[in-house]
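Residue numbers (this note's numbering): 225 to 675.
First comes the structure, then the notes that go with it.
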C-alpha cells in the first residue's frame with residue numbers, strides 16, 4: 225500500500241464544529257469532535273490512504289462551504305465552481321448531445337423570509353431565517369448557463385432540495401418544497417415535498433405531492449397521531465429522489481420496478497418508497513416499522529432490514545455495476561421517526577445493500593468490517609454511498625467531510641478528508657459552526673472532462 229502524504233490543518237483552539245477524523249487515520253492526542261463537541265487543533269486533510277492496487281481510479285465531485293470541487297484520485301483540485309449544489313452532480317454526456325463537462329448545481333439563493341408564503345421553509349430551532357434555492361441550473365465546463373429553472377410562477381423560487389435528475393427524454397426531475405395548509409396537522413401549515421417533471425422550456429408536465437399520499441406511508445394509527453401532532457413543518461424531509469432506471473426486476477415482469485418509477489427516502493420518517501409514475505401511488509416501501517433482531521439474527525447475511533433511521537441517498541444500483549438492481553442506502557442512524565429512534569441505536573452508521581424483492585440486507589458496511597469500533601463511522605445526517613465498477617463502494621461520511629472507498633470485504637483502500645471549511649448554521653441548530661460538512665460525493669469517470 226502507498227500512503228499519500230496528507231496536509232495537516234491547524235485550527236484555532238476555540239473552534240467548534242463537526243469535522244472529525246476518519247477511523248482509518250490515527251493521530252496522537254486527537255479528540256473526536258462528536259464525542260467532545262469540539263474540533264481537534266491539528267488534523268490531516270487531503271488523501272490520507274491510497275492503496276493503488278485496489279482503488280478504483282476516478283475523480284470525485286462534492287460541494288462544501290458554498291462551493292463545488294472536482295478532485296482527482298490524488299486529492300488535487302481539477303476544477304472549482306463558485307456555486308454549491310444539493311447535490312452538485314455531473315450530467316451524463318449522452319443526455320446532452322455528447323457534451324462533456326456539464327454539471328447541475330444551485331445558481332442563486334434567496335432568504336425564504338423575503339419570499340411570499342415561504343416563511344418557515346428550511347428553518348431549524350434557533351435559526352430565524354433560511355437560505356433556499358431560488359434557481360437551479362445546468363452549466364457547461366466553462367461556467368455558461370445552458371438551462372435554468374426558478375420554480376412555478378406562484379412560488380417564485382425553485383425550492384429544489386436534496387436531489388434532481390435529467391431524464392433520457394430531456395426533461396428534468398426536481399425534488400422541491402412548497403408550503404401547504406393541511407387541517408390534519410396540529411400546526412396547520414406544513415412543508416410538502418413535491419416532485420416536478422419539467423420540460424426544457426420550463427413547463428411542468430407531471431407533479432407529485434407527498435402529503436397527498438400520507439395514508440400510503442405505512443404509519444400505524446398511533447404513529448399517525450405523532451406525525452400530525454409534530455411541531456416541525458418539514459415532517460417527512462425527503463432527501464433522495466431518482467428514477468429507478470432499467471433493472472432486472474422490470475425485465476422479469478415486476479411492474480413495481482418499472483424504469484420510470486421513482487424511489488425516494490424520507491429522512492424524518494425513516495422509510496424508503498417507490499412511486500408508480502402512472503398512478504402516483506406507492507407500490508413498494510420499506511419502513512417506517514422494522515423488526516427487532518437479536519445479535520444472533522444479525523450475525524450473518526442476508527437478514528431482514530432492521531431499524532434504519534435518518535437514512536440518505538437511497539437509490540437502485542444501475543445496470544452494469546456489481547449489485548445491479550439492489551437498493552443502496554446510507555443508514556445514518558440519526559435521531560428520526562415517529563416515535564423517534566435513538567441516535568446510533570445500532571452503534572454507528574452503516575451502508576446497506578438491500579434486495580428489494582426480499583427486503584433483506586445482502587451486503588453492508590460498518591466500521592467493524594475495517595477492524596474499528598462501529599462508533600468510529602457515524603454521520604447522523606447528510607452522507608451517501610455509490611457502487612463503483614470494480615465492486616468498491618465510495619462512501620461520504622458527510623458530517624466529517626470524509627470520503628473513502630471500501631472493498632466488498634470492508635478494507636479501506638482510499639480516503640480523503642475535505643480541507644475546505646466555512647462558517648454556517650449548524651445542521652440541527654441555528655448556532656454558527658465552522659465545518660467541512662459535505663452533503664454528497666460523486667465518483668466521476670475520467671473521460672467526463674472535455675479535453
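Glycine residues also receive a C-beta, built at the ideal position from the N, C-alpha and C atoms.
These figures come from a predicted structure and were not determined experimentally.
By the criterion of a C-beta distance shorter than 7 angstroms, residue 674 is surrounded in its chain by 324, 325 and 365, once the five residues flanking it on both sides are discounted. Separation of residue 280 and residue 612 (C-alpha to C-alpha, rounded to the nearest whole angstrom) is 7 angstroms. For the set 277, 271 and 321, the Cα lying nearest the Cα of residue 299 is the one of 271. For residue 448, there is no enclosing beta strand (DSSP E); the residue is part of the alpha helix (DSSP H) that begins and ends at 445-452. Under DSSP, residue 462 shares a beta bridge with 490. When the beta-carbon positions are compared, residue 409 and residue 444 stay at least 7 angstroms from each other. Within the segment 568-603, complete beta strand (DSSP E) segments of at least 3 residues are found at 574-579 and 584-589, given in chain order. Annotation for residue 396: the continuous beta strand (DSSP E) segment containing it runs 396-405. The Cβ-Cβ distance between residue 660 and residue 288 falls below 7 angstroms.
DSSP lists 271 and 627 as the bridge partner or partners of residue 640. Distance from the CA of residue 296 to the CA of residue 503, rounded to the nearest whole angstrom, comes to 43 angstroms. With distances taken between CA atoms, residue 440 lies nearest to 506 out of 492, 506 and 464. Within its own chain, the residues whose Cβ lies closer than 6 angstroms to the Cβ of residue 610, once the five positions on either side in sequence are excluded, are 618 and 667, listed in chain order. A residue is called buried when at least 16 other Cβ atoms come within 10 angstroms of its Cβ; residue 415 meets this threshold and is buried. For residue 317, the secondary structure class from DSSP, reduced to helix, strand or coil, is helix. In the three-state reduction of the DSSP assignment, residue 421 falls in the strand class.
For residue 493 against residue 512, the beta-carbon gap comes to about 5 angstroms, under 8 angstroms, which counts as contact.
Taking C-beta separations shorter than 6 angstroms and ignoring five residues to either side along the sequence, the partners of residue 555 in its chain run 532, 535, 574 and 576, following chain order.
Rounded to whole angstroms, the Cβ separation of residue 583 and residue 529 is 6 angstroms, and the two are in contact under 8 angstroms. Taking a contact as a CB-CB distance under 8 angstroms, the pair residue 637 and residue 616 counts as one, their CB atoms being some 7 angstroms apart. DSSP, reduced to helix, strand and coil, places residue 385 within a strand of the structure shown. Measuring C-alpha to C-alpha distances from residue 470 to each of 622, 375, 595 and 548 identifies 548 as the nearest. For residue 662, same chain residues with a beta-carbon under 8 angstroms away, outside a window of 5 residues either side, are 286, 287, 288, 606, 620, 622, 625, 627 and 642 in chain order.
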